[in-house]
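Below is one structure; the comments refer to it alone.
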Amino acid sequence: MNEHNAQQNSGELAKTFEPAGIEAKWYAHWESNGLFRPERPDAQPYTIVNPPPNVTGSLHIGHALDNTLQDVVIRYERLRGKDALWVVGTDHAGIATQMVVERQMEAKGDKRSNYTRDEFIGKVWEWKHESGGTITGQLRRLGCSMDWSREQFTMDPHFTKAVVKVFVDLHKQGLIYRDKRLVNWDPKLKTAISDLEVETRETQGGFWHFKYPLADGVTRDDGLDYIEVATTRPETMLADMCVAVHPEDSRYASVIGKDILQPLTGRRFKVVADEHADPELGSGAVKITPGHDFNDFEVGKRAGIKAADMLNMFDAEAKVVQTADGLVPAEFIGMDRFDARKLVVERMKEAGFLIPHVTTDKEGNEVSADFEPRTIQTPFGDRGGVVIEPWLTDQWYVDAETLAQPAIAAVKSGEIEIVPKTWEKTFFNWMENIQPWCVSRQLWWGHRIPAWYGSDGQCYVAETEEEAQAKAGASVTLSRDEDVLDTWFSSALWPFATLGWPEDHPPQHGEGDHAQHGGGGSPHAQPFGDNPLHHPAGGPPPRSGEDRSLLAKHYPNDLLISGFDILFFWDARMAMQGLHFMKEVPWKKLYLHGLVRAADGAKMSKSKGNVVDPLLLIDKYGADALRFFMCAMESQGRDVKMDERRVEGYRNFATKLWNAARFCQSNGITGSTSVAAPAATSAVNKWIIGEVVETVAALDQAMADLRFDAAANTVYHFVWDQFCDWYIELVKGNFDAETRAVAGWVLDQILVMLHPFMPFVTEELWHSLGKREGELIVAAWPDPQASVDPAAKREVEWLIALVSNLRTAKNELGIAPGAKLDAYLPDPSDQTRGIIEANPAAIERLARLNGIRFAAAPAGAAMQVGAGDANIVVPLEGVIDIAAEKARLEKALAVSQKETKSLEGRLGNPSFVEKAKPEAVEKARADHAMHAAEAERLAAALARLG
RNA sequence: GGGCGUAUAGCUCAGUGGUAGAGCACUAUGUUGACAUCGUAGGGGUCGCAAGUUCAAUCCUUGCUACGCCCA
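What follows is the structure in structure tokens.
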């Protein structure tokens, strides 16, 4: 603890809380003293892994939400004494990062192809080193207490090792395979992308109708010598391989199996029967381009066309190339896909094969157009932003369907709890319909696929080239697969690879031992059963022992917090890989939060220009205020709408706390040395201790429920409404030793409870209030070891009621709030007399009364104020007119009578008394008695006025 | 087309089977041993619409309307 003491503050607090300096000071102090992960070898572990942000990115408002929530949880658990580990790191973000570097090159008139692969990757690494610190620095500004000493990067050598092992193992198990099929091809980025990276957007397009003539003089039953087909993509005509009609469509029954002679290419192909053709839609016949359309691919396969034989008419940039049969007219070769579309239509029209789209205009005249306008669901690449082209290529696929089963089971069994629960349905819906996951990317930046090809075309998957060579034999020349893996393939390993897997792993079990998992009666379901595909990567982590590895101790993680937008991209894949390789769920709970939206509810985006920079908010209001805002607004299942005024409000809250502490400090109040509440004799002190007890309980409950809004509001209201508004006001002027001890203790409890939400201001105040053994960040969570004292609670609440009611009455009667008045209470109950006698100072200072005399008030104008059962008479001869006081009392009486009557009605209803819950009846009776008594008091008060 | 969500005070949002709360904004006001980034008091809501269940519905059920998101 040595040098920390130098940090301790002395001297008076400034009048206003100035966040900037305090934030910088404490963050550096915490980090340099290892306080984000104190040594707690025997403590219960608590683990969260941070969704790794893109290494070259910067902090946006969504990160601020996501990381605030995680930091609140990890600070809370750390304060509760756990071995709290928050794993942090960055993601190499394959496509995104490569795009950034390529854009930088373009800006300088340079391009990727001017470099070798190694040179280019070197440049990306340079950029990583240059900008990689931006976001981590910004996370520090937000106050995030991650374990930076173990900061990770998804392309660290140990991570690469994990990725390669996973790939090789899955391949051995048949869960990764190479396949030739249609992929979503991004012609701008020139890479395959997965289904998830495709965004479908509506575009305005057309629907063209063409005649496809039957060959060999064949005609349909109705005499026509052609089939009408319609398409939104005429250019694909250059690679058509059949026309499909529904098998039961009588219009075409006689021509099934006959040939079409495609007019533009002169290609001959068959009319096939396939249920994909919908007789209700258009002509009922569809042209089939198996190499360039997902549906057509399936039709083609059913028609007996092998993937390898499907015609391809595009290169990687979606420019027209010659098909294998050489039938594409020369004028199309090299043409962009959209230009080709126009030319195809033009040529077909010239040759008389275009069927015009005819409509009638307002005047009833026929209008003819080349095509029917249509809204088309068009796939776009989410990164490149251009229309995706289905393209026939060899890619690597993960058998996601197999891997998904244990993950589905884990959520079903409750091993993974998804919060809020409504997301379960979405999760199941996707997982149960999951498609093979295309994981290869035609990029340079990323984890290169550990596959080598021999000159014979044979593929060898191995962890190293040596191993591949050994498999292939020394005589074979190998070349490595050029492609890299989808970024999400590596980040899926985050919950265990960051903890040292595969090196940090228990000894391998012997052969044939693979059915053993979870030694010592693991309660977990064993979703792998005896599936021979599942060879565990090793045994389960040991369950006990002094030297449990980091992995054994912190896997499964306790909680994952992520935005719902990456539920499929990341969360689901972690669940799959974690269960497959670790035999246990990656985390016990998955908390999904929403998006942060702009003030008008719109999605924030750079293109809209409505992004709010969290760093600017931190500069303006302080990190504590921004964090508190995020928590207070985070109710489950709802997006957070940006509201800067609310951030401002929480900055004000920090200042309020600051000033309360300043006031305490100036009255000789110092930090407490005890976790347990000090002994108290006075009612106010007993009361506030009881309020702390209740607040801690409410806060713990909210945290257990992951209700960040409830947690934040609980502390907020305790600090402002209870501590500042009443406790401090009640004890002002009476700072005896007991009160100083209690006030100091309460303030400490506030600082601890508030610390997860507002770490900076609380740490600063913690040290301002006295010489401490250690920092607040590692202090002990409240454990008051006290209980609520009902008599003290009643007493203080009576005083609060008296003061509030007096203020209201004075305000309504136009009496100066500061006016000090006399008061009479002729016949107090013993309890009320006791309260009044015990609190002369509060009655004088807060109620602004010259005491309360237990005697009848002198005759004359007076206002009458209730508190509990007491009706206090305040003579106001010459100050008010009786009519005003009468009106005031009458208004109050009317309210009381209305309530009384309504409750009377309910209680008079026999079905209510018979059928309602006894508690409800009891409550109604109590409320009725209370309102009736109040009405009686007011009626008596009115009578006294005459 | 399928799925999910939302609709409560002027705004942003909590909430409960027993006729509703917060923050901000608004109105009035400035007295008390920190705080005007504050204090005090106040106004403001047939809880989207309709039907049903119930002794009782803002809350449960069904339908409708509007808006948003995801998947096809």
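If you're matching positions, the first sequence starts at 594 in the working numbering and goes up one per residue. Every residue gets a Cβ at the ideal spot worked out from N, C-alpha and C, and that includes glycine.
By the Cβ-count criterion, L672 is buried, with 16 or more other Cβ atoms from all chains shown falling within 10 Å of its own Cβ. The beta carbon of E959 lies closer than 7 Å to those of V951 and T953 in the same chain, with the five residues before and after it left out. The C-alpha of F1246 lies about 44 Å from the C-alpha of I1001.
Look at M1456 here: in three-state DSSP terms it is strand. As for any alpha helix (DSSP H) of minimum length 4 sitting wholly inside the segment 1220-1273, the runs are 1237-1259, ordered along the chain.
In its chain, beyond the 5 residues on either side, F1328, R1333, A1336, G1337, L1340 and L1362 have a beta carbon closer than 8 Å to the beta carbon of I1262.
DSSP places F1301 within a helical segment (H, G or I) once states are collapsed to three. Here DSSP, grouped into helix, strand and coil, assigns W1163 to helix. For R1190, the closest alpha carbon among the candidates G1215, P949, M1223 and P1271 is that of M1223.
Annotation note: the segment 1176-1217 contains the following uninterrupted beta strand (DSSP E) runs of length 3 or greater, listed N- to C-terminal: 1180-1186. Secondary structure at H839: coil, using DSSP grouped into helix, strand and coil.
Taking the Cβ atoms as the reference, F800 lies roughly 4 Å from E965, within the contact range of under 8 Å. Within the segment 1363-1438, the complete beta strand (DSSP E) segments of 3 residues or longer fall at 1414-1417, listed in chain order.
DSSP places H802 in the uninterrupted beta strand (DSSP E) bounded by V791 to P806. If you draw a straight line from the Cα of T1425 to the Cα of I1281, it comes to about 20 Å. In the DSSP assignment, A1463 falls within the unbroken beta strand (DSSP E) covering A1463 to P1468. When the beta-carbon positions are compared, D740 and V680 come within less than 8 Å of each other.
As summarised for the segment 668-743, the continuous beta strand (DSSP E) elements at least 3 residues long and confined to that stretch are 676-680, given in chain order. Per DSSP, F890 is one residue of the alpha helix (DSSP H) stretching across F887 to R895. Of L1399, G1407, I1473 and G1047, the smallest CA-CA separation from R1438 is found for L1399. Taking 3 residues as the minimum length, the beta strand (DSSP E) runs contained wholly in the segment 832-885 are 835-838, 852-854, 861-866 and 878-881, in order along the chain.
For H950, the beta-bridge partners assigned by DSSP are A962.
CA-CA distance, E605 to Q1258, rounds to 8 Å. Between the alpha carbons of E712 and P983 lies a distance of about 31 Å.
By the criterion of a C-beta distance shorter than 6 Å, Y1046 is surrounded in its chain by C1052 and S1072, once the five residues flanking it on both sides are discounted. Within its own chain, the residues whose Cβ lies closer than 7 Å to the Cβ of L1344, once the five positions on either side in sequence are excluded, are T1355, L1358, W1359 and L1369, listed in chain order.
Here the segment 1402-1412 makes no contact with the segment 1364-1384; the two share fewer than three CB pairs at distances below 8 Å. Counting only residues of its own chain and dropping the five nearest sequence neighbours on each side, W1016 has a CB closer than 6 Å to the CB of L1185. Listed as beta-bridge partners of Q745 by DSSP are G682.
Secondary structure of Y1320 (DSSP, three-state): helix. Within 10 angstroms of the beta-carbon of L1209 lie fewer than 16 other beta-carbons, which makes it exposed. In this model, L920 and R860 are separated by some 7 Å (Cα to Cα). Under DSSP, D779 shares a beta bridge with T784.
The count of Cβ pairs closer than 8 Å, one atom from the segment 695-707 and one from the segment 755-767, stays below three, leaving the stretches out of contact. DSSP places I1343 in the helix class (H, G or I) of the three-state scheme.
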